[in-house]
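Our numbering puts the first residue of the sequence shown at 1114, with every later residue one more than the last. Contents: one structure, followed by commentary.
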Amino acid sequence: MKATKIGSVMVGDVVTVERDTPFKQVARVLGDHRISGVPVVDEDDKVLGVISETDLMLRQTQGAHTRPWRGRLRRGIRRSAAKSRARTAGGLMSTPAVTVRADDTIPEAARLMAHRRIERLPVVDEEDRLVGIVTRRDLLEVFLRSDEEIRRAVQQEVLLNTLWLAPQNVTVSVRNGVVTLAGELERRSEKSIALRTTGRVDGVVGVVDRLTYRLDDARLQPAEQALHGVADNWLRKL
């Protein structure tokens, strides 16, 4: 089961600024385009860093770190203090930029966003040139699929493409993104595959298991499992 790629949900027309863009112009860009962040690029469209609304708001803290103990501040606080005095995009931006590629998957991007606590990721090509941008909202779009779309996707991607089963063998019902699988399969291993791959379908929130099986092939020897797999694949092609 292939997860959706970033390239299918990213925004290709990206608003950017350059390193020497003045502070007020950066603020104007965010306001005019109603966006909360913007990549900073060089003349070759390579991403140098990213500016968020938080970076601009640090200007409001200017003068807060003027006491003698300032030299003992942790690196993160010193960096924030420097940003509060920045006059151009080059001083405001967070660098190095955290980026992804268009062929990365949505789960990979989501994990990266959560780990780095960021709201957006510039998308770059093989030469690190900017080709798009993806936000948390873009990643959440996959969960806006209708229940009927999810049901059809499970039938096609899980039952037909992965297990080679006729749709009538397993009943697929979906409510609010939660998929219920009901029916009898030939082997226990097929049940495990059905549940696991269904959970990977875009838009699926959860999976309810109401599947049974005739044969517990977990107890078979490896040679027997291989024989069953070859024979079953051959029969299904008839």
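Even glycine gets a Cβ: it sits at the ideal position worked out from N, Cα and C. Please read these numbers as outputs of a predicted model, since none were measured by experiment.
Handout entry: Range covered by the alpha helix (DSSP H) that runs through residue 1204
Key = 1202-1205
Practice task
Tell me residue 1284's beta-bridge partners as DSSP assigns them.
Solution key: 1295
Problem - Nearest candidate by alpha-carbon position, reference residue 1206, set 1308, 1214 and 1166 - result: 1166
Handout entry: Cβ contact (3+ pairs, closer than 8 Å) linking the segment 1146-1165 and the segment 1280-1290
Key = no
Practice task
Could you spell out the range, first to last residue, of the alpha helix (DSSP H) harbouring residue 1142?
Solution key: 1136-1146
Practice task
Return the residue from the list 1130, 1266 and 1170 that minimises the CA-CA distance to residue 1146.
Solution key: 1130
Exercise for the section: Count the other C-beta atoms from every protein chain shown that fall within 10 angstroms of the C-beta of residue 1185, then say buried if there are 16 or more, exposed otherwise. Expected result: Annotation note: pLDDT 48 at residue 1185 (below 50); position unreliable, no value reported.
Exercise for the section: Put residue 1217 into one of helix, strand or coil per three-state DSSP. Expected result: coil
Exercise for the section: Report the rounded CA-to-CA distance for residue 1263 versus residue 1170, giving the unit in angstroms. Expected result: 41 Å
Exercise for the section: Alpha carbon to alpha carbon, how far is residue 1316 from residue 1149? Give it in angstroms, no decimals. Expected result: 26 Å
Exercise for the section: State buried or exposed for residue 1198, treating a residue as buried only when at least 16 other CB atoms are found within 10 Å of its CB. Expected result: exposed
Handout entry: residue 1267 beta carbon less than 7 Å from that of residue 1291
Key = no
Problem - Nearest-angstrom Cα separation, counted from residue 1276 out to residue 1326 - result: 14 Å
Problem - Euclidean distance between Cα positions of residue 1273 and residue 1307 - result: 11 Å
Practice task
Going by CA-CA distance only, name the one from 1219, 1237, 1143 and 1226 that's closest to residue 1254.
Solution key: 1219
Problem - Presumed contact (8 Å Cβ cut-off) between residue 1245 and residue 1319, rounded CB distance - result: That belief does not hold up - the Cβ atoms of residue 1245 and residue 1319 are roughly 30 Å apart, past 8 Å.
Problem - Distance CB(residue 1210)-CB(residue 1132) smaller than 7 Å - result: no
Exercise for the section: Pull up the DSSP beta-bridge partners for residue 1300, would you. Expected result: 1328
Practice task
Quick one: using the 10 Å Cβ neighbour count with 16 as the cut-off for buried, is residue 1298 buried or exposed?
Solution key: buried
Practice task
Would you tell me roughly how many angstroms separate the C-alpha atoms of residue 1212 and residue 1296, rounded to the nearest one?
Solution key: 43 Å
Exercise for the section: Buried or exposed for residue 1222, please, with buried defined as at least 16 other CB atoms from any protein chain shown within 10 angstroms of its CB. Expected result: buried
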